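Engineer: Under the working numbering, the final residue of the sequence shown carries the number 857; numbering is consecutive throughout.
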Amino acid sequence: MAGLGIRLEAGDRMILNGAGIHFLTAAQIRLTNRANFLFGRQIMPPEEATSPARLIYYALQTAYVGTPEEKMAALAEATYHITTFMQETTSVSARLILSEAMKAASEGNFYQALKIARRIIRHEDAVIGHASASTGDLNESEVG
Numbered sequence: 714m715a716g717l718g719i720r721l722e723a724g725d726r727m728i729l730n731g732a733g734i735h736f737l738t739a740a741q742i743r744l745t746n747r748a749n750f751l752f753g754r755q756i757m758p759p760e761e762a763t764s765p766a767r768l769i770y771y772a773l774q775t776a777y778v779g780t781p782e783e784k785m786a787a788l789a790e791a792t793y794h795i796t797t798f799m800q801e802t803t804s805v806s807a808r809l810i811l812s813e814a815m816k817a818a819s820e821g822n823f824y825q826a827l828k829i830a831r832r833i834i835r836h837e838d839a840v841i842g843h844a845s846a847s848t849g850d851l852n853e854s855e856v857g
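(1) To which residues of the same chain is residue 751 closer than 6 Å at the C-beta, ignoring the five residues directly before and after it?
(2) Tell me which same chain residues have a C-beta within less than 8 Å of the C-beta of residue 730, skipping the five on either side of it?
(3) Are the CB atoms of residue 814 and residue 829 nearer to each other than 7 Å?
(4) Apply the 10 Å Cβ neighbour rule to residue 735 and answer buried if 16 or more other Cβ atoms are within range, or exposed otherwise.
(5) For residue 742, name the three-state secondary structure that DSSP assigns.
(6) Thinking C-alpha only, which one of 753, 811, 800, 742 is nearest residue 773?
(7) Please identify the residue among 818, 802, 721, 755 whose C-alpha is closest to the C-alpha of residue 765.
(8) Once DSSP output is grouped into helix, strand and coil, what is the label at residue 756?
(9) In chain order, which alpha helix (DSSP H) runs of at least 4 residues are fully inside the region 794-826?
(10) By Cβ distance, which residues of its chain are closer than 8 Å to residue 726, with the 5 residues on each side in sequence left out?
(11) Could you pull the start and end residues of the alpha helix (DSSP H) that residue 726 belongs to?
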């Protein structure tokens, strides 16, 4: 039988076509149809969406694996956060990454947009970490 095999440990979580799944025991599953899913560290809980880049990731995540009702609002939210980040940042590389994410999302390629959003999170973390180390404090307008 063809498909994608995934091994999950007890306690792992998965979102599959909008449904949250919590594995109580270890499991090996095979997806035989096309499905939108995230599992493990790919899933960002809402309480971790605490920075501009993480808000983008969370909105794109919802657009990718959310229910049909959630997808449109999540795409609008992602677009808002990406546009705002692009206007606020002074980083050319951040703008390029964000443009890639926006293009992928607008084409409905949300998994690709999520992969790109992870890059902007790393970028944001590097800038915040560097600025915090050198100034001891960081204003939100300095991000990026």
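Note that the Cβ used here is the ideal one computed from N, Cα and C, for glycine as well. Computed from a prediction, not measured in an experiment: that's the story for all the values here.
Structural biologist: Walking through what the data contain:
(1) 728, 778
(2) 748, 749, 750, 778
(3) yes
(4) Classification of residue 735: exposed, given that the 10 Å Cβ count is below 16.
(5) DSSP, read as helix, strand or coil, puts residue 742 in strand.
(6) Nearest to residue 773 by C-alpha distance, out of 753, 811, 800, 742, is 811.
(7) Measuring from the Cα of residue 765, the nearest candidate turns out to be 802.
(8) coil
(9) 805-819
(10) Setting aside the 5 residues that flank it on each side, residue 726 is surrounded in the same chain by 733, 734, 735, 736, 752, 753, 756, each with a C-beta closer than 8 Å to its C-beta; the list follows chain order.
(11) Run containing residue 726: none in the alpha helix (DSSP H); it sits in the beta strand (DSSP E), 726-729.
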